[in-house]
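Heads up: the structure comes next, in C-alpha cells.
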Amino acid sequence: MIEQIIFIVISLFTLMMGWIVVSNNNLFHAALALMASFLGVAGLYVMLDAGFLAMAQLLVYIGAISILIIFAIMLTRRMMQTEESPFNSQPGLAGITAVSVFAVIAFIFWQMREFWPLGAGEGAMPPADKSIILGSVAKLGEYFVSPDAFVLPFEVASVMLLAALIGSIWVAWPKTEDES
Amino acid sequence: MSFSFLEFLKSLVELTTGTYLRQVWGAKPWVDPTLDAIGVILVATFGLLIVLVLIWLERKVIARFQDRIGPNRVGGKYGLLQPVADALKLLTKEIITPSGADKWAYNLAPFLIVITALMMWAVMPFAPGVVGVDLNVGLFYVLAISSVSVVTVLLAGWGSNNKYALLGAFRAVAQMVSYEVPMILSLLIPIILARSMSSVDIVKAQTVPFAIVVPISALIFFISSLAEMGRTPFDLLEAESEIVAGFHIEYSGMKFAMFMLAEYISALFMSGLFTTVFLGGYRFFGLEMIKTASGFALGNLIGLIAFFVKMFVVFVVLVWIRGTLPRFRIDQMMDFNWKFLVPLSLALILVAALVDKALPVGVNDWTRAGVHLVSNVVVGAVTLEILRRNGRKQRTAHEEVRENADIETAAAH
Amino acid sequence: MISDWRFIAFFVVLAPLFPALPIGINLLLGPRKPNYIKQQIYECGVETVGDTWVQFKVQYYIYALIFVIFDIEAVFLFPIAAAYGQVGLFAVIEIALFIIILTAALAYAWGRGVLEWV
Amino acid sequence: MIPLSWYLLVAAALFSIGLYGVLARRNAVAILMGVELMLNAVNINLVAFWRYGRFPEQPVGLAWAVFVLTVAAAEAAVGLALIISIYRHRDSVVAEEMDTLKN
Numbered sequence: 002m003i004e005q006i007i008f009i010v011i012s013l014f015t016l017m018m019g020w021i022v023v024s025n026n027n028l029f030h031a032a033l034a035l036m037a038s039f040l041g042v043a044g045l046y047v048m049l050d051a052g053f054l055a056m057a058q059l060l061v062y063i064g065a066i067s068i069l070i071i072f073a074i075m076l077t078r079r080m081m082q083t084e085e086s087p088f089n090s091q092p093g094l095a096g097i098t099a100v101s102v103f104a105v106i107a108f109i110f111w112q113m114r115e116f117w118p119l120g121a122g123e124g125a126m127p128p129a130d131k132s133i134i135l136g137s138v139a140k141l142g143e144y145f146v147s148p149d150a151f152v153l154p155f156e157v158a159s160v161m162l163l164a165a166l167i168g169s170i171w172v173a174w175p176k177t178e179d180e181s
Numbered sequence: 006m007s008f009s010f011l012e013f014l015k016s017l018v019e020l021t022t023g024t025y026l027r028q029v030w031g032a033k034p035w036v037d038p039t040l041d042a043i044g045v046i047l048v049a050t051f052g053l054l055i056v057l058v059l060i061w062l063e064r065k066v067i068a069r070f071q072d073r074i075g076p077n078r079v080g081g082k083y084g085l086l087q088p089v090a091d092a093l094k095l096l097t098k099e100i101i102t103p104s105g106a107d108k109w110a111y112n113l114a115p116f117l118i119v120i121t122a123l124m125m126w127a128v129m130p131f132a133p134g135v136v137g138v139d140l141n142v143g144l145f146y147v148l149a150i151s152s153v154s155v156v157t158v159l160l161a162g163w164g165s166n167n168k169y170a171l172l173g174a175f176r177a178v179a180q181m182v183s184y185e186v187p188m189i190l191s192l193l194i195p196i197i198l199a200r201s202m203s204s205v206d207i208v209k210a211q212t213v214p215f216a217i218v219v220p221i222s223a224l225i226f227f228i229s230s231l232a233e234m235g236r237t238p239f240d241l242l243e244a245e246s247e248i249v250a251g252f253h254i255e256y257s258g259m260k261f262a263m264f265m266l267a268e269y270i271s272a273l274f275m276s277g278l279f280t281t282v283f284l285g286g287y288r289f290f291g292l293e294m295i296k297t298a299s300g301f302a303l304g305n306l307i308g309l310i311a312f313f314v315k316m317f318v319v320f321v322v323l324v325w326i327r328g329t330l331p332r333f334r335i336d337q338m339m340d341f342n343w344k345f346l347v348p349l350s351l352a353l354i355l356v357a358a359l360v361d362k363a364l365p366v367g368v369n370d371w372t373r374a375g376v377h378l379v380s381n382v383v384v385g386a387v388t389l390e391i392l393r394r395n396g397r398k399q400r401t402a403h404e405e406v407r408e409n410a411d412i413e414t415a416a417a418h
Numbered sequence: 013m014i015s016d017w018r019f020i021a022f023f024v025v026l027a028p029l030f031p032a033l034p035i036g037i038n039l040l041l042g043p044r045k046p047n048y049i050k051q052q053i054y055e056c057g058v059e060t061v062g063d064t065w066v067q068f069k070v071q072y073y074i075y076a077l078i079f080v081i082f083d084i085e086a087v088f089l090f091p092i093a094a095a096y097g098q099v100g101l102f103a104v105i106e107i108a109l110f111i112i113i114l115t116a117a118l119a120y121a122w123g124r125g126v127l128e129w130v
Numbered sequence: 232m233i234p235l236s237w238y239l240l241v242a243a244a245l246f247s248i249g250l251y252g253v254l255a256r257r258n259a260v261a262i263l264m265g266v267e268l269m270l271n272a273v274n275i276n277l278v279a280f281w282r283y284g285r286f287p288e289q290p291v292g293l294a295w296a297v298f299v300l301t302v303a304a305a306e307a308a309v310g311l312a313l314i315i316s317i318y319r320h321r322d323s324v325v326a327e328e329m330d331t332l333k334n
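Residue numbers (my numbering), protein chains in the order written: chain A, 2 to 181; chain B, 6 to 418; chain C, 13 to 130; chain D, 232 to 334.
Next comes the structure, spelled out in C-alpha cells:
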C-alpha cells in the first residue's frame, strides 16, 4: 500500500515536471523542470532496486547534461525571449501524434492484461535475494570487461565519447582565420 | 526484553543504541523506519550544530596565524559563544528579495544547498557500526549528491538577477565541474584497492591507511576537494576583490547564512571523507575492536574519538592552508587542473590497476602496500622530472625573450 | 525495494525541514519593510546597466563538455573497480584501452587550445 | 505490490510527453530536452524489465541502461554544440528557421 502511494507520487511528479519541460515559455525553468523530472526517474530506479543507476542518473543527467543545457541556453541569448509562443506551427498535430502513441501503447497493455496484470497487488515484483541486488553493481562491472558480455560496447562507448568530444569542439569552437 | 534505563545508558556509551532499541521493541514493522527517522534527525542535527564549533575554530585558528587573538568577548575569554551571537544576529536580519529576481530559483537555492550538504553525511562511518546507512554504492552516492550541489550554485546565480552573481556562478560551476574530474578519478584507486564502493568496506580494507599506500592519489584528492569546496587557494568563486562575493551576493539574513552553513558542512564532510578513504577512518591500531572482559564494546567509543580527531586535524590543515596561501588566478587554476591533475590521475589509475593485477592472489596487505607505494613514488618521480624539464624550457624561452627585448632597447638608445 | 534506500528516502523527506526552520524563524523575527531602493540590485555603486542575462563565452561550455565525457567514464569505471577482485588480467588491458582513448580526447582538446582560459 | 505494467505505462507517458516536446517546440534546445525525456523513458523500461525479468542476477538491463546514458550524453554534447554553432552563424535557435537546404 505504502509502496504504491510512493510510486504514484514519484511518477506523477516526474510526469508533471516533464509536462513543464515541454510547455514552459521560460527555457531556464524548463531546464529546472527537466532536472526535477530526472530526479523523479532516479526515484523510480531506486524503487526498482537499481541504486547504482539512480546515482548515475544524478551524476550524469543532473550533474552534467543539465549543466551543459543551461550553459548552452546562456550561450544563445535570443532563447531568453519569452514573449513568443513556445510552440512551432504544429502543436495540434504534435499533440495528436503524442496522444495516439500513448493510446496505442496503453491499448497493447490492455490487450496483454492476462500476461502483465494491470491491477494493484497483482503481478508483484518477483522477490530477489538482497545479495543478488547488492551484487548487481559488481556484476555490472564484470560484464563491462568480460569478453562474453559487453566488452565490445564498452570500448565502442569510449570511441563514441572521443568522437563526440572532437565533434563538439570542432563545431562549437570559433575557427581561427587559417582554419576557415 | 524490557526497557532498562541503565542498559540504555550503557548502549549509548557503547554506540549500539539502535541494536538495543531493536531488541527492546522486538520485530514489529514500524521499528526499522522509526530508527531510520531518528538516525536521519541525528545525522542532520549533528551536521548543523557542528558548524557552530567549526566557525569558532576557524576564526580562532586563522587569528593565530595572523598574530591576532580572534573572538574573545562573547562567552568568556575564548569567545566560545561568538558563533551563537552571529547566528542570533542573522536571525533578526531582514530578508531582502532583489527586484526582478527569478523567484523559484532564488528561493530554492538556499534550501537545496543545505539539503545536499547534509545528505552527504548519510554514508559517513563515524565508528564501527555507527553509520547512517552502509550503501553498497557509498562513494558513488557522495559524488552524485555533490554533483547536485553544482546545480544549486547555478540556481543561486541565475535567480539573483545580478551580473556579479551570474558571473560568479558561472566561474564557480566551471571550477567545480573541472575539479570534480580528478576527484572522481582519484577516488577510483581506493575502490580498486578495497574492491568495494561502500565507505564501511573501504575503512575495513585499510590495514595500512591508503594515504601511505597511494600518497599521490591522496594528495590529488585533497587538492581537488579543496577546489570543489571553493576554499583558498581556490576561492575564485567568491573572490571578494574580483567579483564582489560571487553567486550569493544578493542573499541576506538566514538565506545568506544557508550558503555559509553549507560551505562549512561540506568542508567538514570533505575532511571526514578524506579521513575515511585515505586515513583509515575510525581505525586506530586495532584499538577500535577491543572489548572489555564483560563484553562491553569500548572499542566503538575509541573509534569514534579517533575518527573525530583525524577529521578535525584535516580540517585544521584546511584552515592552515587558508591562512598561508594566496589565491590562484583563474587561468592558472584551470591549467593546473586539466594539464596536470587530470593526466596525472589517469596515469595513476593505469598504474594502480596494473600493479594490483600483477601481484599474485593472496599476498599479504603489507607487501601489497609496499609495491603500490613504490609504484606511486616512481610515478611521482617521473612527474617531477617532466615538470622540471618543462619549467626549465619555459624559463629559457622567457629569458631569451627578455634578452632580445634588452638588446632592442639598447639599440634604440 | 531494498531497505538500504529507506534511510535516504527519509533523508530526502526530512532534510528540507532543517533549512526551513532557521529561515522560518528569520521570517518571523526579522523586519519586513521592502522598498524600491532596498530591492535594487547591486552593481558597483551605479544603477545596473542592461540585461543581467548577458551572453557568455563558449569556454564554459567546453569545460562542461569535457566534464561530461569524464563523468560517463566514471560511471563505467566505478563498477569495474568494485568488481576488481573478480575480473581477470584481460580486464587491465581493456581498462587501459578505455582510458587511453579518453586521454586522446583530452589530448585533442589540449592540442586544439580549448583548455586555455582567455 | 506494483505490477510491471505500471512502470511501463509511466515510461510510455513520459515518452509521449517527450515526443510532444520534440514535435511541438520551436526552440532547438527545448527539442533536445524532449529527446532526453524520451531516452529516460526507455531507460525506465530497461530497468523495469531487468528487475521483473526471470534473471535479476544478470544485470543486462542495467548495462544497456548505462549505454543509453552514454548515448544520451554524447547526443546532448554534439546537439548543443551544433545549436551554439548555428546560433553564431545565423543568430537563431528556432528549428523551423534552419532551412538552408530547403528548395
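Built from N, CA and C at the ideal position, the CB exists for glycine as well.
The structure displayed is predicted, hence computed values, not measured ones.
| said: Rounding to the nearest angstrom, what Cα-Cα distance links serine 5 (chain B) and isoleucine 118 (chain B) in this structure? | reply: Any answer about residue 5 (chain B) is impossible in this case: the structure gives chain B only from 6 up to 418.
| said: Short of 8 Å Cβ to Cβ, which residues in the segment 332-352 of chain B face chain C? | reply: Flagged, chain order: Ile335, Asp336, Met339, Asp340, Trp343, Lys344, Val347, Pro348 and Leu351.
| query | Where asparagine 167 (chain B) and leucine 53 (chain B) are concerned, what is the direct C-alpha to C-alpha distance, given to the nearest angstrom? | reply | One C-alpha to the other measures close to 29 Å.
| said: Please classify glycine 284 (chain D) as buried or exposed, where buried requires at least 16 neighbouring CB atoms within 10 angstroms. | reply: It is exposed - the Cβ of glycine 284 (chain D) has fewer than 16 other Cβ atoms within 10 Å.
| request: List the residues of chain D whose Cβ lies closer than 9 Å to the Cβ of leucine 77 (chain C), in chain order. | output: Going along chain D in sequence order, the residues near leucine 77 (chain C) (Cβ under 9 Å) are Ala308, Leu311 and Ala312.
| Under a CB-based cut-off of 8 Å, is arginine 282 (chain D) close to chain A? | Among the CB atoms of chain A, one or more fall inside 8 Å of the CB of arginine 282 (chain D).
| task | Quick one: grab the DSSP three-state call for asparagine 305 (chain B). | result | If DSSP states are grouped into helix, strand and coil, asparagine 305 (chain B) belongs with the helices.
| field | chain C within 8 Å of isoleucine 315 (chain D), Cβ atoms only | value | So, interface residue.
| task | Could you pull out every residue in the same chain whose Cβ sits closer than 7 Å to the Cβ of valine 138 (chain A), ignoring the five residues on either side in sequence? | result | So the list reads Phe53, once near-sequence residues are dropped.
| Within 7 Å of chain D by C-beta, residues of the segment 98-128 of chain C in sequence order | Listed by position along the chain: nothing, the set is empty.
| field | alanine 261 (chain D) beta carbon less than 8 Å from that of leucine 1 (chain A) | value | For chain A, the structure presents residues 2 to 181; residue 1 (chain A) sits outside this window and is missing.
| Sufficient close CB pairs (3 or more, under 8 Å) joining the segment 277-294 of chain B to the segment 114-133 of chain B | The answer is yes - the segment 114-133 of chain B touches the segment 277-294 of chain B, with three or more Cβ pairs under 8 Å.
| request: Consider the Cβ of glycine 300 (chain B): report whether some Cβ of chain C lies at a distance smaller than 8 Å. | output: False, the Cβ-Cβ gap to chain C never drops below 8 Å.
| request: Give the interface partners of glycine 64 (chain A) over in chain C, defined as CB-CB distance under 8 Å, in chain order. | output: Chain C residues near glycine 64 (chain A): Asp83.
| said: Which runs of the alpha helix (DSSP H) at least 4 residues long sit entirely within the segment 253-301 of chain B? Give them in chain order. | reply: The segment 253-301 of chain B contains these whole alpha helix (DSSP H) runs: 258-283.
| field | Beta-carbon spacing of valine 205 (chain B), glycine 137 (chain B) below 8 Å | value | The Cβ-Cβ distance between valine 205 (chain B) and glycine 137 (chain B) does not fall below 8 Å.
| is_contact[glutamate 267 (chain D), chain A] using C-beta, thresh 8 Å | Residue contact with chain A for glutamate 267 (chain D): present (Cβ-Cβ distance below 8 Å to some residue of chain A).
| task | At 7 Å on the CB atoms, spell out the chain A contacts of alanine 145 (chain C), in chain order. | result | Shown here, chain C extends from 13 to 130; a query on residue 145 (chain C) therefore has no answer.
| task | Quick one: grab the DSSP three-state call for alanine 106 (chain B). | result | DSSP places alanine 106 (chain B) in the coil class of the three-state scheme, outside both helix and strand.
| request: With a cut-off of 8 Å on the beta carbons, I'd call isoleucine 5 (chain B) and tryptophan 129 (chain C) a contact; round off their distance for me. | output: Nothing about residue 5 (chain B) can be read from this structure; chain B reaches only from 6 to 418.
| task | Classify leucine 166 (chain A) as buried or exposed, calling it buried when 16 or more other Cβ atoms lie within 10 Å of its own Cβ. | result | Buried, because 16 or more other Cβ atoms sit within 10 Å of the Cβ of leucine 166 (chain A).
| Within this structure, are the beta carbons of isoleucine 68 (chain A) and leucine 159 (chain B) separated by less than 8 Å? | Yes, Cβ-Cβ distance for isoleucine 68 (chain A) and leucine 159 (chain B) is below 8 Å.
| task | Grab the span of the beta strand (DSSP E) containing proline 130 (chain B) for me, first residue to last. | result | From DSSP, the beta strand (DSSP E) with proline 130 (chain B) extends over 130-132.
| For the 8 Å Cβ check, are there 3 or more pairs between the segment 376-384 of chain B and the segment 216-236 of chain B? | Enough Cβ pairs lie closer than 8 Å, so yes.
| 8 Å Cβ cutoff met for phenylalanine 70 (chain A) and leucine 250 (chain D) | The sequence shown places isoleucine at residue 70 (chain A), rather than the phenylalanine named in the question. At a Cβ-Cβ threshold of 8 Å, isoleucine 70 (chain A) and leucine 250 (chain D) do not count as neighbours.
| is_contact[valine 297 (chain D), chain C] using C-beta, thresh 8 Å | Output row for valine 297 (chain D): interface = yes.
| field | Below-8 Å beta-carbon distance, glutamate 156 (chain A) vs any chain D residue | value | Chain D, which has no Cβ nearer than 8 Å to the Cβ of glutamate 156 (chain A), makes this no.
| said: For the segment 23-53 of chain A, list every residue whose C-beta sits within 8 Å of some C-beta in chain B, in sequence order. | reply: Only those residues of the segment 23-53 of chain A whose C-beta falls short of 8 Å from the nearest C-beta of chain B are listed: Phe29, His30, Leu33, Met36, Gly52 and Phe53.
| query | Are arginine 327 (chain B) and isoleucine 67 (chain B) closer than 8 Å when you measure CB to CB? | reply | Yes.
| message | So within the segment 160-207 of chain B, which uninterrupted alpha helix (DSSP H) runs reach at least 4 residues, ignoring any that extend past its ends? | response | The alpha helix (DSSP H) runs lying completely inside the segment 160-207 of chain B and spanning 4 residues or more are 168-199, given in chain order.
| field | Uninterrupted alpha helix (DSSP H) stretches inside the segment 143-174 of chain A (no shorter than 4 residues) | value | Within the segment 143-174 of chain A, the complete alpha helix (DSSP H) runs of at least 4 residues are 152-173.
| Would you report the Cα separation of serine 247 (chain D) and leucine 62 (chain B), rounded to the nearest angstrom? | Computed Cα separation, rounded: 55 Å.
| query | With alanine 107 (chain A) and alanine 243 (chain D) assumed to form a contact (beta carbons below 8 Å), what rounded beta-carbon distance in angstroms separates them? | reply | With a contact defined as Cβ atoms closer than 8 Å, alanine 107 (chain A) and alanine 243 (chain D) qualify at about 7 Å.
| said: Residues in the same chain with beta-carbon distance under 6 Å from leucine 35 (chain A), minus the five sequence neighbours each way, listed in chain order, please. | reply: Counting only Cβ-Cβ distances below 6 Å, and skipping sequence neighbours, we find Val22.
| query | Which word fits lysine 108 (chain B), buried or exposed, when buried means at least 16 other C-beta atoms lie within 10 angstroms of its C-beta? | reply | Burial call: exposed.
| Closer than 8 Å, CB to CB, is isoleucine 92 (chain C) near chain A or not? | Taking Cβ atoms only, chain A reaches closer than 8 Å to isoleucine 92 (chain C), which makes this a yes.
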